[in-house]
Amino acid sequence: MADATLDTTRPEIGKSLVVGGSSTNYHDIGEGDPVLLVHGSGPGVTAWANWRLNMPILAEDFRVIAPDMFGFGYSDSKGRIEDKQVWVDQLAGFLDGLGIDKVSIVGNSFGGGITLAFMIAHPDRVERAVLMGPAGLNFPITPALDKVWGYEPSVEAMRESLKYLAWDHSRLTEDLIQSRYVASARPEAHEPYHATFGGADRQANVAMLASREEDIAAIEHETLILHGIADQVIPLDSTVRLATLLKRADLHLFAECGHWVQIERMASFNRTVAEFFKSGLKA
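In our numbering, the protein residues as written are 23 to 305.
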């Protein structure tokens, strides 16, 4: 096991933790109770790209830890991943390597599905959870998600993919499009991404990220679910169904917001998540 800061000025690259021969790139800032941020599965995503606007604010109150999941960003590739348990085991080993027994978790989209699976597998290691536009249930794949997972690197394809994620397209600056394109086009980034998500049967990916409903219904943790009303990627009815399954969940809907709650409603997201982790659900 090794833990080192990589010698680079690129903001996407933070520290490196090697557990069981596999390396996880991650960011670790702030002090206090640990909060783990698990990113989504858009092309070119990294933990930094997903959470860059949230980590400094949340770090005012918490120790904020944001890893690149296997097959994303600058963590190791596992080739085609056909079982979400690979990522659940990554999180467990990653926390072990950091010497952390228990965390609160924020899971975005794909990360929401992994967070649910982690809560089921390791209930004693989770304090509270926030699920944002989450996967985790089986639903008919949306056209937006199908397009995002079917991405092939080009600047125009990245522009179109990001339009599915954001409600306010003025946020899609050329700098953002170019930076996400460059991140997505690296062979070590696109090849594992395409191997896992880009196959012909992308509906199978939705099922792979889903947990059994009876296991979800047995979760005892206080959970906050966030969803943008204009989200094209994860259907709102799936999130509402998830909220009814989780016995201790509140659902918060955000107006004028797509799949990027943490970006398009940044201030509200940061405030809501911090207050929830500080105090839990109100009676």
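A virtual CB, placed ideally from N, CA and C, is assigned to each residue, including glycine.
Assumed close pair residue i, residue j - CB separation to whole angstroms, cut-off 8 Å
{"i": "L231", "j": "H274", "result": "With a Cβ gap of about 22 Å, L231 and H274 do not count as contacting."}
{"i": "V86", "j": "G52", "result": "5 Å"}
{"i": "P214", "j": "G93", "result": "4 Å"}
{"i": "R270", "j": "E242", "result": "7 Å"}
{"i": "G220", "j": "Q254", "result": "No, G220 and Q254 are not in contact; Cβ-Cβ is about 19 Å, not under 8 Å."}
{"i": "S260", "j": "L159", "result": "5 Å"}
{"i": "R181", "j": "L194", "result": "7 Å"}
Helix, strand or coil at residue i [DSSP, three-state]
{"i": "M141", "result": "helix"}
{"i": "P156", "result": "coil"}
{"i": "F276", "result": "strand"}
{"i": "R181", "result": "helix"}
{"i": "E210", "result": "helix"}
{"i": "D83", "result": "coil"}
{"i": "R147", "result": "helix"}
{"i": "H249", "result": "strand"}
{"i": "S201", "result": "helix"}
{"i": "S192", "result": "helix"}
{"i": "T261", "result": "helix"}
{"i": "K37", "result": "strand"}
{"i": "L266", "result": "What sits at residue 266 in the sequence shown is Thr, not Leu. Note: T266 maps to helix in three-state DSSP."}
{"i": "T46", "result": "strand"}
{"i": "A271", "result": "strand"}
{"i": "E236", "result": "helix"}
{"i": "A222", "result": "coil"}
{"i": "Y173", "result": "coil"}
{"i": "V255", "result": "coil"}
Burial state of residue i (16 or more Cβ within 10 Å)
{"i": "A97", "result": "A small correction: the amino acid at residue 97 is Ser; Ala does not occupy that position in the sequence shown. Buried, by the Cβ-count rule."}
{"i": "D105", "result": "exposed"}
{"i": "H49", "result": "buried"}
{"i": "A277", "result": "exposed"}
{"i": "V295", "result": "buried"}
{"i": "V152", "result": "buried"}
{"i": "H191", "result": "exposed"}
{"i": "A24", "result": "Low local confidence applies: a pLDDT of 43 at A24 is under 50, so the model's placement there is unreliable, with the coordinate-based value given in what follows. With fewer than 16 other Cβ atoms within 10 Å, it is exposed."}
{"i": "I35", "result": "buried"}
{"i": "T218", "result": "buried"}
{"i": "E286", "result": "buried"}
{"i": "E244", "result": "buried"}
Beta-carbon spacing of residue i, residue j below 8 Å
{"i": "A71", "j": "P89", "result": "no"}
{"i": "E210", "j": "S99", "result": "yes"}
{"i": "S233", "j": "L120", "result": "no"}
{"i": "I142", "j": "L58", "result": "no"}
{"i": "D123", "j": "K300", "result": "no"}
{"i": "V228", "j": "F161", "result": "yes"}
{"i": "W109", "j": "M91", "result": "yes"}
{"i": "Q200", "j": "V177", "result": "yes"}
{"i": "Q225", "j": "L75", "result": "no"}
For a minimum of 4 consecutive residues, which ranges assigned as the alpha helix (DSSP H) are wholly contained in the stretch 277–301?
Secondary structure within the stretch 277–301: the alpha helix (DSSP H) runs of 4 or more consecutive residues, fully enclosed, are 283–286 and 288–301 (chain order).
Runs of beta strand (DSSP E) lying entirely within the stretch 48–85, each at least 3 residues, in chain order:
56–60
Counting only runs of 3+ residues fully inside the stretch 89–145, write out the beta strand (DSSP E) ranges in chain order.
Runs found: 125–130.
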